[in-house]
Amino acid sequence: MDKDPDRNLSEIEERLRFFKDIGADFVFKTKRPPARPDPAASPAPPPGGELPPPSRDIGLVHEEILRCRKCSLAGGRTQAVPGEGNFRTELMFVGEGPGHDEDVQGRPFIGRAGQLLTRIIAAMTYDRADVFITNIVKCRPPDNRVPHRDEVEACAPYLLEQIGAIRPKVIVTLGKSATDFFLPDAIGGMTSIRGRFYTWRGLQVMPTFHPSYLVRSEGNKEIKKMVWDDMRKVMAFLGKK
Ligand code: SF4
């Protein structure tokens, strides 16, 4: 943990707020889940094999995203939102697309759902700046609709370049759109897909609910517990206490 007492205090406060959100002391009492993914539960990697080595600096990728007009989402955005965080992290979070606040400020996951994600990350004993956060499309879909297939396909090379450059050990997919990007053959809704590791191009993918779903389901502690169970599996895999 950081040596700055103020920063430590705020991290502890974030963590405790999330624990309060999800309902108390079971966090400290339940047994830690298995630390390794279950290979039998993981479908075969999709065509495409391993990720190619990074071909250019990730900063250049982000500069290109900011100028990009490859799909129709460019027409309605205030600005593109490439993503932010640590380019050398072991842990990456991928959501669906920027919302209103993200579009205005140019940063991912900073609205209400983003604040909850920040608390989840703190509860996992990471700083938000320790991980990398992005979306499958980098520009806001109108009225926050689900991105269309052609938009996802147009934007996919940027996400693949980001993943190729960062090479995290674990990618947490937030919600169905992001999960479908990595696991197009997974059958069922998030309730059945979430909570176990899948192998994707040699990396581990952990699907879980989107924080905006948690915000919309405020009061439903079961959903928050499910997300926390998923994140504990990620922590165990990454050797976090
Ligand atoms: S969503 Fe992606 S592909 Fe479409 S304009 Fe934005 S950066 Fe370019």
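Under the numbering used here, the residues of the sequence shown are numbered 325 to 565, in order. C-beta atoms are modelled at their ideal positions from N, C-alpha and C, and glycine is treated no differently.
query, result
"Any chain D beta carbon closer than 8 Å to residue 533", "Absence of chain D from the displayed structure is noted, only one protein chain being present."
"Paired residues, beta bridge with residue 527 - DSSP", "524"
"Distance cut-off 7 Å: residue 393 Cβ against heavy atoms of the ligand SF4", "yes"
"Closer than 7 Å: residue 539 CB and nearest the ligand SF4 heavy atom", "no"
"Reduced DSSP secondary structure (H/G/I, E/B, other) of residue 434", "coil"
"C-alpha distance - residue 398 paired with residue 422, whole-angstrom precision", "12 Å"
"Distance cut-off 7 Å: residue 475 Cβ against heavy atoms of the ligand SF4", "yes"
"Residue 502 beta carbon near the ligand ADP (any heavy atom closer than 7 Å)", "Judged by which ligands are present, the ligand ADP is missing from the structure shown, whose ligands are the ligand SF4."
"Collapsed DSSP secondary structure at residue 460 in the structure displayed", "coil"
"Whole runs of the alpha helix (DSSP H) within the stretch 382 to 433, excluding any shorter than 4 residues", "382 to 391, 424 to 429"
"Element boundaries [beta strand (DSSP E), containing residue 498]", "494 to 498"
"Cβ-based burial, residue 566 [other Cβ within 10 Å; buried from 16]", "Residue 566 is absent from the model: the chain starts at 325 and stops at 565."
"6 Å CB neighbourhood of residue 563 in its chain, flanking five on each side removed", "none"
"Whether residue 492 touches residue 441 by CB criterion (8 Å)", "no"
"Backbone CA spacing between residue 565 and residue 559 [nearest angstrom]", "7 Å"
"Exposure label - residue 413; buried when at least 16 CB within 10 Å", "buried"
"Enclosing alpha helix (DSSP H) for residue 550 [first to last residue]", "545 to 561"
"Assigned secondary structure, residue 449 (DSSP; H/G/I helix, E/B strand, else coil)", "coil"
"Residue 409 classed as buried or exposed, judged by whether at least 16 other C-beta atoms fall within 10 angstroms", "buried"
"Beta-carbon separation (whole angstroms), residue 499 vs residue 472, contact threshold 8 Å", "At roughly 16 Å, the Cβ-Cβ gap does not stay under 8 Å, so residue 499 and residue 472 are not in contact."
"Residue environment, residue 485, which counts as buried when at least 16 other CB atoms sit within 10 Å", "buried"
"Option in 555, 529, 525, 514 with minimal Cα separation from residue 537", "514"
"CA-to-CA distance, residue 425 to residue 460, given in whole angstroms", "17 Å"
"Pair within 8 Å by beta-carbon distance, residue 444 and residue 555", "yes"
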